[in-house]
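Beneath this line is the structure, given in structure tokens, with notes to follow.
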Amino acid sequence: MTDTRIPVTVLTGYLGAGKTTLLNRILTEDHGKRYAVIVNEFGEIGIDNDLVVGADEDVFEMNNGCVCCTVRGDLIRVVAGLMKRQKPGAPAFDAIIVETTGLADPGPVAQTFFVDEDVKAKTTLDSVTALVDAKHVMARLDDSKEAREQVAFADRIILNKTDLATEAELVAVEQRLRKLNPLAPIIRAERADVPLDQVLGLHGFDLERILDIHPEFANSVSGPAHGEAGHVHDEHCGHDHHDHGHDHDHDPGPRGHDHGDDIKGISLSLDRPMNGVRFTAWLDKLLGEKGQDILRAKGIINVEGEDKRLVFQAVHMILEGDLQREWKPTERRWSRAVFIGRDLDEAAIRAGFEDCAA
Amino acid sequence: MPTFTFDAQVTSAHFDSSGAVFALGDGSVRFEDRTFDAVHDGAILCAVVHPSGDGLVTGGDDGRVIWSRKGEAGVLATAKGQWIDSIDASAETKLIAFSAGKTLSVIDATDAGFRRDFQHERTVSGVAFDPKGRRIAASTYGGAWLWYARIAEQKPTKLAWAGSHTGVAFSPDGAFVVTMMQDAQLHGWRLKDAKNMRMGGYPSKVRSVAFMAKGRLLATSGAQGAVLWPFDSSNGPMGREASEIGFDDTTLVNLVASANPHSRLAAGLADGRVWVADPAGQGLNFIKADKGAPIIALAMSPDATRVAWADEDGQAGVADL
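For the protein sequence lines, the chains are Z and V, in the order given.
Just so you know, this note's numbering puts the end of the first sequence at 358, numbered straight through with nothing missing.
Just so you know, this note's numbering puts the end of the second sequence at 679, numbered straight through with nothing missing.
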């Protein structure tokens, strides 16, 4: 049976990062597709389109005992309304795009698409794309928890307005973004001029599409693999955020006076096969205890005695996992996983992961 | 049995004085005699029979509230740039209540100049008149608010209960307010003392509730059968168990419909079937026995002799019982 659910793309990014420019491009480009756009403030979008819908970031907690299960009530309502335009046998839209405000937590947006039964039946979360502004992102990451979370949560990061920054600045930004989120590819853009296939149809939450994970992107205790990627903004490095020319004398930043971001990605890998039962139990326990702090997780696990790859992805405490395709004969058969979250105990997570070796 | 194939999603089914009427996602209102009005520039999100019993009042994603009768239609109210999310009407007072965003608005079918707007802290998900048409309950996140329909300046009565309430109904005696909740349960309040009633245990979200049998029973969807809560005492269902009829663990009841004070109940199932039953009688009468797309609209005529249904694929029908 083909999946008739409508893919949903979430765009995050603080004010001025270029979301509106990108949305206007999506709506006006000659692509023959029909998109519905859910925005938070009317009037920002420059074009008149009856499929631009206002929403009000109505976040609430589910009463289901899951402490971090916050969802967006407005999205449930708006998606239900949009589905009424659906004709029998034909999707009403090629995609739905949700724009969030600069202060939005992407967690509840994403969770809505996993928790609400009606929304889940009609739509599927495709990906979360974060736009950041090359010139100002460093300052935003210093002073805004939401900005750090948006980057950490994303499946893809668009580094926009690269024409306003020097190559050295761009490299520094990319290194910091990669530490916050080792999973998301970073795409450089000017005036949000990324190809639309780099934003839409990414299948970021689709277990079948977890093809590869590159643990070397993350800062790991075994040392950065990409030049100085693990070196910048390290706890022990000699410079701090003030070097970027922003005045933060009254704002000690995300973690007081130490210089690492409170959020980071932890990359794990193991060449030995893993015990499937032990790994699953460990993962369940980790998400149960630390799920509030874990924004995203993804992994490909080599389970002992299993010819197929065990893949998983998680948003806070919401975990999806399945046996995927078979390992290819020529493929390096190893386990790797990335956990992105705030204030994570990297040593403990690494020890727990490696403890699952068969 | 008249059947219909619509090229659009059906939002809801109704019976007005002329027969069955369907409100559609393409913005049209379709009468049983196949006349139709294309009224909204967009989808119809909610609809109710006009207080006169003649035609439908519909709310659309074009921000309009429109009264459609056969061959004529007129805009009754607008909410610029907003969706009309919910609507109700009272044949007693001829008032119409609708919500757009956080605002509940009241208009008078007999007085075009009358309008009241009441603000809430969160988005309104459902509106319902009390049986006399004097008060309105509005469900929102965190509970339900009660307003006097005609009074301009007032403080609403707030019935608080944590969680997201997605729709609301008044009991026919006006003694209870019941809300549907996001997390697969109902909540109720006895108005005289604001006592809370929790009605849970559902495997799925409850999409519809219907009082029946002189208000002695509240039928609901959301389970493998139609769930019936007793409302035959001043305590309502407090401390009592619900019963279930038509249990079938291969499917779920998506919608229920009744015609209080009659005792007949109709249920539309997720597997496309529709049955009618009398809780005091025996067995289910399947008026649509073929399985198919989920039933998404269901209505019973006021005299409980006819049922209108529609499924997700645009198939619809009207059955005589």
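Virtual Cβ for every residue (Gly too), placed ideally from N, Cα, C.
Note that the structure is a prediction, hence the values are computed from the model and not measured.
Classification of residue i by the beta-carbon crowding that lies within 10 angstroms, buried from 16 upward
i      : result
V:S592 : exposed
Z:F353 : buried
Z:A297 : buried
V:D420 : buried
V:V536 : buried
V:F373 : buried
V:Q640 : exposed
Z:G223 : The pLDDT assigned to Z:G223 is 33, lower than 50, so where the model puts this residue is not dependable; a value taken from the coordinates is nonetheless given after this. Per the 10 Å Cβ criterion, exposed.
V:L549 : buried
V:T369 : buried
Z:Q111 : buried
V:G558 : exposed
V:G604 : buried
Contacting residues, own chain, Cβ-Cβ under 7 Å from residue i (five flanking each side not counted)
i      : result
Z:W334 : S269, L270, D271, N302
Z:E362 : Residue 362 of chain Z falls outside the range modelled here, since chain Z spans only 1 to 358, and no answer is possible.
V:A431 : D395, V397, I424, W425
Z:G204 : D126, S127, V128, D155
Z:D94  : K33, R34, Y35
V:K516 : G501, W503
Alpha carbon of residue i to alpha carbon of residue j, nearest angstrom
i      : j      : result
V:T468 : Z:D193 : 55 Å
V:A470 : V:K452 : 12 Å
V:M538 : Z:G18  : 40 Å
V:K490 : V:E450 : 6 Å
Z:V311 : V:A533 : 54 Å
V:S562 : Z:L159 : 42 Å
Z:M83  : Z:A168 : 47 Å
V:H478 : V:G413 : 30 Å
V:G411 : V:V379 : 12 Å
Z:A139 : Z:L295 : 22 Å
V:T663 : V:S601 : 24 Å
V:A625 : V:D466 : 33 Å
Z:G89  : V:D671 : 7 Å
Z:A184 : Z:I213 : 10 Å
V:V665 : V:A677 : 5 Å
V:N612 : V:M555 : 23 Å
Z:R278 : Z:E331 : 24 Å
Z:V8   : V:R422 : 27 Å
V:H408 : V:M658 : 16 Å
V:G546 : V:N618 : 19 Å
Own chain, CB closer than 8 Å to residue i, minus 5 neighbours either side, in chain order
i      : result
Z:M274 : I301, N302, V303, E304, S335, C356, A357, A358
V:S463 : A435, A437, A455, F456, S457, R473, R474, D475, F476
Proximity below 8 Å, CB of residue i to CB of residue j
i      : j      : result
V:A668 : V:A655 : yes
V:L544 : V:T498 : no
V:D541 : Z:M317 : no
Z:I26  : Z:Y35  : yes
V:T609 : V:L627 : yes
Z:G81  : V:S522 : no
V:V567 : V:L575 : no
V:F389 : V:G377 : yes
V:T524 : V:G484 : yes
V:I402 : V:T416 : yes
Unbroken alpha helix (DSSP H) run spanning residue i, endpoints
i      : result
V:F534 : No alpha helix (DSSP H) holds V:F534; the beta strand (DSSP E) holding it covers 534-539.
Z:T21  : 19-28
Z:P7   : Counting along the chain, Z:P7 falls outside any alpha helix (DSSP H), though it belongs to the beta strand (DSSP E) covering 6-12.
Z:M83  : 73-83
Z:Q111 : 106-115
Z:W282 : 276-290
Z:R148 : 145-153
V:K438 : Segment: none, V:K438 is in no alpha helix (DSSP H) and carries neither H nor E.
Z:A358 : First-last for Z:A358: undefined, no H or E at that position.
Sequence-distant residues of its chain with Cβ nearer than 6 Å to residue i (five each side left out)
i      : result
Z:A92  : R85, Q86
Z:D251 : Below a pLDDT of 50, predicted positions are generally treated as unreliable, and Z:D251, at 41, falls in that range; no measurement from the model is reported.
Z:V10  : V98, V109, V128
Z:L103 : E146
V:D384 : A366
Z:R342 : D262, I263, D293
V:D607 : Q582
Z:R299 : Sequence check: residue 299 of chain Z is Gly here, not Arg. Around Z:G299: F312, A337.
V:A571 : S621
Residue i: CB within 7 Å of a non-hydrogen atom of the ligand SAH
i      : result
Z:L170 : Questions concerning the ligand SAH fall outside what the structure shown contains, since it holds no ligand whatsoever.
Limits of the beta strand (DSSP E) - the one that residue i falls within
i      : result
V:I509 : Here V:I509 belongs to no beta strand (DSSP E), and DSSP marks it neither H nor E.
Z:L270 : 263-270
V:Q543 : 543-548
Z:Q175 : Unbroken run through Z:Q175 is the alpha helix (DSSP H), 167-180; no beta strand (DSSP E).
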